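Colleague: Before I ask anything, here is the structure I am working with.
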Amino acid sequence: MKFGVIQFPGSNCDQDAYHALAGILHQPTRYIWHKDVALGDVDCVVVPGGFSYGDYLRTGAIARFAPAMKTVIAHAKAGGLVLGICNGFQILCEAHLLPGALIRNRGLKFICDQIHVRVETVDSPFTNAGKKGQVLRIPIAHGEGSYFAESQVIEQLQREDRILVRYCDKEGKVTDAANPNGSLDNIAGICNETRNVFGLMPHPERASEKLLGSDDGRVVFESILQSSRATHHETASVG
Amino acid sequence: MKAKIIVMPKRTVLDPQGKTVKHALESMGFTGIKDVRIGKFMDIELEGGNKAELQKKIDEACHKLLSNPVIEEYSFEIE
Numbered sequence: 001m002k003f004g005v006i007q008f009p010g011s012n013c014d015q016d017a018y019h020a021l022a023g024i025l026h027q028p029t030r031y032i033w034h035k036d037v038a039l040g041d042v043d044c045v046v047v048p049g050g051f052s053y054g055d056y057l058r059t060g061a062i063a064r065f066a067p068a069m070k071t072v073i074a075h076a077k078a079g080g081l082v083l084g085i086c087n088g089f090q091i092l093c094e095a096h097l098l099p100g101a102l103i104r105n106r107g108l109k110f111i112c113d114q115i116h117v118r119v120e121t122v123d124s125p126f127t128n129a130g131k132k133g134q135v136l137r138i139p140i141a142h143g144e145g146s147y148f149a150e151s152q153v154i155e156q157l158q159r160e161d162r163i164l165v166r167y168c169d170k171e172g173k174v175t176d177a178a179n180p181n182g183s184l185d186n187i188a189g190i191c192n193e194t195r196n197v198f199g200l201m202p203h204p205e206r207a208s209e210k211l212l213g214s215d216d217g218r219v220v221f222e223s224i225l226q227s228s229r230a231t232h233h234e235t236a237s238v239g
Numbered sequence: 240m241k242a243k244i245i246v247m248p249k250r251t252v253l254d255p256q257g258k259t260v261k262h263a264l265e266s267m268g269f270t271g272i273k274d275v276r277i278g279k280f281m282d283i284e285l286e287g288g289n290k291a292e293l294q295k296k297i298d299e300a301c302h303k304l305l306s307n308p309v310i311e312e313y314s315f316e317i318e
């Protein structure tokens, strides 16, 4: 599985993502500069966290127009995998690859903390190595992470099983007290209609080895690898 | 010529900034406030040209970049 990590001016989790993919999961990984228009033979694009373009105007608003994003959009439309983490999630929403928007946390504060999320479905290339109801301890670090969408969009996400992770307490209960930022329906991460684009506010790449206190985030990357093996197997049996 | 653009959070979107400022105004003794909402004002200087065409361009800019229609609404004037 070949990974590409996009770098915008102001990205600051690009190296964390690179380390998780190349250093921990031993996958061929390379950086993709925001001005690059070609992704090369990348199977999965990671849009990392940070403050692309200084968060000017709105988070992700300027990054969405970067040359590399045109190719990322084409990659996603062709069925390629795209994972957006934190600022990456904000960018994917601005790029209309995911519905809704991330607005200012309800408490107005930037929150840097360890939180819990519950895996809501394993029916996606990003969660299939997990278990439904599994609680993951993963850090968040954001000021604009409150997920908002019109009620019909939220209903559609629920109906189509597209909410992949929700904020919960450590027992796995989805409560308002466990919602750090005021996200509607405790939404921490969603996928697109075709389930190949995933955006989430928590940082799985920062929870991918015990040394950092938790390796719960690995499940996201291991799912991607598992789905790629399944796809290859499918192709092989068809061939 | 100038385009003066106002971008506001939609009524359906929670505006925690507005709420906090409302509380601050009340705690300094400012009474009679129903609601506070905080948005953005943008001032764009234009080289000039056909006003109808500029209206169209600014509208497109507002829709595509300057506001996010999911959470915000905009209005503008060209003068």
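In order, the protein sequence lines correspond to chains A and B.
Numbering of the first sequence is given in this note's numbering, commencing with residue 1 and proceeding in unit increments.
Numbering of the second sequence is given in this note's numbering, commencing with residue 240 and proceeding in unit increments.
Don't be surprised by glycine CBs; every beta carbon is placed ideally from N, CA and C.
Note that the coordinates shown come from a computational prediction; the quantities given were computed from them, not determined experimentally.
1) For GLY182 (chain A), return the contacting residues in chain B, with the cut-off set at a CB-CB distance below 9 Å.
2) Along the chain, where does the beta strand (DSSP E) that runs through ASP113 (chain A) open and close?
3) Cβ of ILE310 (chain B) within 7 Å of Cβ of LYS258 (chain B)?
4) If we define contact as Cβ-Cβ less than 7 Å, is ARG218 (chain A) a contact residue for chain B?
5) Over the uninterrupted beta strand (DSSP E) stretch that includes HIS142 (chain A), give me the two end residues.
6) My output table needs one value for GLU150 (chain A): the three-state DSSP class, helix, strand or coil.
7) Compare the C-alpha of PRO48 (chain A) against each of A:LYS77, A:PHE89, A:LEU81, A:ASP36 and name the closest.
8) Who pairs with ASP282 (chain B) in a beta bridge, going by DSSP?
9) In chain B, which residues lie with their C-beta within 9 Å of the C-beta of ALA95 (chain A)?
10) Taking CB distances under 7 Å as the criterion, tell me whether ILE244 (chain B) reaches chain A.
11) At least one CB of chain A closer than 7 Å to the CB of ILE310 (chain B): is that the case?
12) Determine the closest residue to VAL117 (chain A) out of A:VAL135, A:LYS131, A:ARG104, A:ALA101, with distance taken between C-alpha atoms.
13) Which whole runs of the alpha helix (DSSP H) in the stretch 11-87 of chain A are 4 residues long or more, in chain order?
14) Quick check: what's the CA-CA separation for ALA227 (chain A) versus ALA207 (chain A)?
15) Report the residue ranges of all beta strand (DSSP E) runs contained in full by the stretch 181-222 of chain A; include only those spanning at least 3 residues, in chain order.
16) Mind checking ALA129 (chain A): buried by the 16 CB within 10 Å criterion, or exposed?
17) What residue range is occupied by the uninterrupted alpha helix (DSSP H) comprising LEU264 (chain B)?
18) If you run the structure through DSSP and keep just helix, strand and coil, what is ALA95 (chain A)?
19) Output yes if chain A places a C-beta closer than 7 Å to the C-beta of ASN307 (chain B); else output no.
20) Quick one: give me the first and last residue of the alpha helix (DSSP H) that LEU164 (chain A) is part of.
21) For chain B, check one thing: does any of its Cβ atoms lie closer than 7 Å to the Cβ of ARG206 (chain A)?
22) Quick check: the Cα distance between ILE224 (chain A) and GLY143 (chain A), rounded to an integer number of angstroms?
23) Note down, in chain order, all residues in the stretch 130-148 of chain A with a beta-carbon under 9 Å from any beta-carbon belonging to chain B.
24) Please report how far the alpha carbon of ASN179 (chain A) lies from the alpha carbon of GLN256 (chain B), in whole angstroms.
Modeller: Walking through what the data contain:
1) As a first step, residue 182 (chain A) is located in the first sequence; it is residue number 182 there, counting from the start. Going along chain B in sequence order, the residues near GLY182 (chain A) (Cβ under 9 Å) are LEU253, PRO255.
2) As a working mapping, residue 113 (chain A) is identified with position 113 in the first sequence. 111-119 is the span of the beta strand (DSSP E), which, as asked, contains ASP113 (chain A).
3) Taking the second sequence and counting its residues from 1, one reaches residue 310 (chain B) at position 71. Taking the second sequence and counting its residues from 1, one reaches residue 258 (chain B) at position 19. In this structure, LYS258 (chain B) does not lie closer than 7 Å to ILE310 (chain B) by Cβ.
4) In the first sequence, residue 218 (chain A) corresponds to position 218, counting from 1. No, ARG218 (chain A) lies away from the interface with chain B (no Cβ there is under 7 Å from its Cβ).
5) Position 142 of the first sequence, counted from the start, is the residue given in the question as residue 142 (chain A). That run of the beta strand (DSSP E) goes 135-142.
6) Mapped onto the first sequence, residue 150 (chain A) falls at position 150. Coil at GLU150 (chain A), not helix or strand.
7) Reading the first sequence from its first residue, position 48 is the one you call residue 48 (chain A). Per the Cα distances, A:PHE89.
8) As a position in the second sequence, residue 282 (chain B) is number 43, starting the count at 1. DSSP lists B:LYS243 as partners of ASP282 (chain B).
9) On the first sequence, residue 95 (chain A) is found 95 positions in, with the first residue counted as 1. Those within 9 Å of ALA95 (chain A) in chain B number zero; the least Cβ separation is about 11 Å.
10) Along the second sequence, read from residue 1 onward, the residue named residue 244 (chain B) stands at position 5. Not one chain A Cβ lies under 7 Å of ILE244 (chain B).
11) For this step, residue 310 (chain B) is matched to residue 71 along the second sequence. The beta carbon of ILE310 (chain B) falls within 7 Å of a beta carbon belonging to chain A, placing the residue at that interface.
12) As a first step, residue 117 (chain A) is located in the first sequence; it is residue number 117 there, counting from the start. Nearest option by C-alpha distance: A:VAL135.
13) Entirely contained in the stretch 11-87 of chain A, the alpha helix (DSSP H) runs reaching 4 residues are, in chain order, 14-18, 67-77.
14) The count along the first sequence starts at 1 and reaches residue 227 (chain A) at position 227. The count along the first sequence starts at 1 and reaches residue 207 (chain A) at position 207. Here residue 227 (chain A) is Ser; the residue named in the question, Ala, does not match the sequence. Looking at the two C-alpha atoms, the distance is approximately 21 Å.
15) 187-191, 197-200
16) By one-based count along the first sequence, residue 129 (chain A) stands at place 129. ALA129 (chain A) should be labelled buried.
17) By 1-based counting over the second sequence, the position of residue 264 (chain B) is 25. Element bounds for LEU264 (chain B): 255-266.
18) The residue labelled residue 95 (chain A) in the question sits at position 95 within the first sequence. Coil at ALA95 (chain A), not helix or strand.
19) Locating residue 307 (chain B) in the second sequence gives position 68, where the first residue counts as 1. Yes, contact with chain A.
20) Numbered from 1 along the first sequence, position 164 holds the residue referred to as residue 164 (chain A). No alpha helix (DSSP H) contains LEU164 (chain A), which is instead part of the beta strand (DSSP E) from 163-168.
21) Along the first sequence, read from residue 1 onward, the residue named residue 206 (chain A) stands at position 206. It does not; no Cβ of chain B falls within 7 Å.
22) As a working mapping, residue 224 (chain A) is identified with position 224 in the first sequence. As a working mapping, residue 143 (chain A) is identified with position 143 in the first sequence. Those two C-alpha atoms are separated by around 28 Å.
23) SER146, PHE148
24) As a working note, residue 179 (chain A) is residue 179 in the first sequence. As a working note, residue 256 (chain B) is residue 17 in the second sequence. Going from the Cα of ASN179 (chain A) to the Cα of GLN256 (chain B) covers about 19 Å.
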